[in-house]
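Colleague: My questions all concern the structure below.
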Amino acid sequence: MKPAAFEYHAPATAEEAVTLLADLGEEAKIIAGGQSLMPMLALRLAVFDHLVDLRKVSELRGIRTSEDTVWIGAGTTHAEVGRSEEVRRAVPLLSRATPHIGHFQIRNRGTIGGAIAHADAAGEYPAVALTLDAEIETLSPRGRRVVPAAEFFTGMWSTDLEPDEIVTAIGFQVRRGRCGYAIEEFTRRSGDFAMAGAAIAVRLDADSRIESAAIGLIGLAPTPVRARTTEAGLVGRSIDDVDVEEIGRSATAGLDSVTSDVHGSAEYRRRVGAAMVVRAWRRAVEEASDD
């Protein structure tokens, strides 16, 4: 099949883009890298009268670092994120998640802002943003605002964005101390969306007690989710006193909206998710312990 006919717009600035969205209304859709939208249009699972292409908006690309924060422009491609030494040093979990995204062709075209705005619960970047308490910077005709990742993802493929609003950048705090990070996911084939996965960030004190723990779950709910009850129960405990298998079971126990389909039942996905939590936790703690 081919997409239904649409009118194409290529604004040169972010302000021009949001003005177009406001003028065109609900029949307009932003396209960034197009790696998620174009297949949906081709199958006519989505139809829009207008596409507003952000590829010419140069201000949305690039990586800015400060002492405490790394801001990544929404138009920055996955490949650029993956190649960045700044990201590798300051936000290692994001860097390590990048190779899991599709195939290299997708990473060359897809953008971090597009992935965040698409809000796929099986996507790596939304899960990492939630795990690391990222901030989502947006722009509309009313001005700019910053939305915590915990408030940004509102449902299946839905976000806190208004119809005339775009993502302009994603901010990640630079964490210091004895920190460890890991991402693990299970796919049927290389490049497929994960059936289940986990992203872990952990920080230890000088006595190897857990100062903070973040457990993000991939593909196990309509939105990216954190295992916050499990996280809270880990803080203050020695890593030697933790039952790693119990962490996996606890992190996935309360999930009541796990998908069941031809690829696997909800219970199977939950067990796989628990195993991914265990693997990622062990790797993250090992890294933190080496610091």
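Numbering-wise (my numbering), the sequence shown opens with residue -17 and increments by one. Ideal Cβ placement from N, Cα and C applies to all residues, glycine included. Note that the structure is a prediction, hence the values are computed from the model and not measured.
1) So, do the region 239 to 258 and the region 173 to 191 have three or more beta carbon pairs nearer to each other than 8 Å?
2) Could you say which of 129, 6 and 105 lies nearest to residue 138 if we only look at CA atoms?
3) Can you tell which of 6, 103 and 125 has its C-alpha closest to the C-alpha of residue -4?
4) For the region 11 to 57, which segments carrying the alpha helix (DSSP H) assignment without a break, of at least 4 residues, lie completely within its bounds, in sequence order?
5) Apart from the five residues on each side of it in sequence, which residues of its chain come closer than 6 Å, Cβ to Cβ, to residue 161?
6) State buried or exposed for residue 29, treating a residue as buried only when at least 16 other CB atoms are found within 10 Å of its CB.
7) According to DSSP, simplified to helix, strand and coil, what is residue 154?
8) Does the Cβ of residue -16 have 16 or more other Cβ atoms within 10 Å, making it buried, or fewer, making it exposed?
9) Is residue 164 near residue 72, with beta carbons less than 7 Å apart?
10) Buried or exposed, going by whether 16 or more other CB atoms sit within 10 Å of the CB of residue 212?
11) What separation, rounded to the nearest whole angstrom, lies between the Cα atoms of residue 215 and residue 198?
12) Have a look at 167, 145, 259 and 57 and flag the residue whose alpha-carbon is nearest the alpha-carbon of residue 231.
13) Look up residue 192 in the DSSP assignment and give the residues it is bridged to.
14) Quick one: what's residue 246 bridged to in DSSP?
15) Can you tell me the Cα-Cα spacing of residue 234 and residue 209, whole angstroms?
16) Whole angstroms is fine: what's the gap from residue 264's alpha carbon to residue 113's?
17) Rounded to whole angstroms, how far is the Cβ of residue 38 from the Cβ of residue 10, which I believe are closer than 8 Å?
18) Which word fits residue 167, buried or exposed, when buried means at least 16 other C-beta atoms lie within 10 angstroms of its C-beta?
19) Beta carbon of residue 83, beta carbon of residue 89: below 7 Å?
20) Of the residues 170, 63 and 3, which one's Cα is nearest the Cα of residue 244?
21) So, using beta-carbon positions, are residue 200 and residue 262 closer together than 7 Å?
22) For residue 0, I'd like the list of residues in its chain whose CB is within less than 7 Å of its CB, leaving aside the five on either flank, ordered along the chain.
23) Output needed for residue 220: all residues of its chain with C-beta closer than 7 Å, excluding positions within five of it in sequence on either side, in chain order.
24) With 16 other CB atoms within 10 Å as the buried threshold, where does residue 274 fall?
25) Since residue 167 is in the beta strand (DSSP E), which residue starts that stretch and which ends it?
26) Would a C-beta distance cut-off of 7 Å place residue 239 and residue 206 closer than the cut-off?
27) Could you check if residue 77 belongs to the surroundings of the ligand SAH, using beta carbon to heavy atom distance under 6 Å?
Modeller: With the structure as the only source:
1) yes
2) 105
3) 125
4) 19 to 24
5) 185 and 270
6) exposed
7) strand
8) exposed
9) no
10) buried
11) 15 Å
12) 259
13) 186
14) 243
15) 7 Å
16) 17 Å
17) About 16 Å separates the two Cβ atoms, so there is no contact after all.
18) buried
19) yes
20) 170
21) no
22) 121, 122, 123, 146, 147 and 148
23) 190 and 191
24) A query on residue 274 cannot be resolved here, the shown segment of the chain reaching from -17 to 273 and no further.
25) 160 to 168
26) no
27) Questions concerning the ligand SAH fall outside what the structure shown contains, since it holds no ligand whatsoever.
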